[in-house]
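The sequence shown runs 0 to 139 under numbering that gives the first Met the number 0.
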Amino acid sequence: MALTPFHLSVPVTNLSDTRWFYGEVLGCAEGRSADFRIDWNFFGHHLVTHVEPDDASHVTTDVDSFGVMTPCRHFGVVISYEEWTRIADRVRALQARFHTEPQTVFPGTVKEQNIMLIHDGCGNVVEFKASRHGLWQRDL
């Protein structure tokens with residue numbers, strides 16, 4: 000079955016930090032925008048960032064999954080290993096803040112995957128997953 004783009008709307012604290020993270024750090028194309036929101040092409044998906052400072056500054060409980068501490072509220076994409084490496088390098092170069100440093104979890108097993116979680120600077124954590132072995136196509 001072919002995947003279709005999803006639409007997700009997330010709260011952010013301000014648009015200048017939002018533009019820096021999604022536009023400059025991740026390289027997402029900016030779409031429509033207004034005084035309090037920006038639409039993004041988030042790896043082929045429709046992401047809308049709305050300024051809602053109270054909602055964006057959520058408190059979350061960390062849940063231990065994949066052997067790392069993952070915030071309960073987060074979103075992300077599964078991408079190629081090459082794209083995953085490029086984003087990790089760009090995040091480091093631009094000094095964005097990792098929640099979970101880039102790493103391989105479950106090494107040497109069928110579940111082996113590369114993960115990293117990045118703070119967007121506006122109250123959200125974005126996760127990126129990749130597999131050098133193309134496992135995601137059959138495991139979704």
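We put the beta carbon where it would ideally sit given N, CA and C, even for glycine. Predicted, not measured: the structure shown is a model, and the values here were computed from it.
Residues bridged to residue i (per DSSP)
i	result
Glu82	Beta-bridge pairing links Glu82 to no other residue.
Thr99	Leu116
Phe74	Val125
Val9	Thr48
DSSP state of residue i mapped onto helix, strand, coil
i	result
Asp38	strand
Gly26	coil
Ala1	coil
Val109	coil
Arg131	coil
Classification of residue i by the beta-carbon crowding that lies within 10 angstroms, buried from 16 upward
i	result
Cys71	exposed
Gly122	buried
Val125	buried
Thr17	buried
Ala55	buried
Contact check, residue i vs residue j, beta carbons under 8 angstroms
i	j	result
Phe127	Val76	yes
Val222	Val24	Because the chain spans 0 through 139 in this model, residue 222 falls outside it and cannot be assessed.
Phe41	Gly120	no
His73	His45	no
Gly26	Trp39	no
Ile117	Ala95	yes
Ala87	Pro101	yes
Option in the options with minimal Cα separation from residue i
i	options	result
Ile78	Ala129, Pro101, Ile37, Arg96	Ala129
Thr48	Glu100, Val9, Ser15, Arg96	Val9
Gln112	Gly30, Thr3, Tyr80	Tyr80
Arg131	Val50, Pro106, Val124, His98	Pro106
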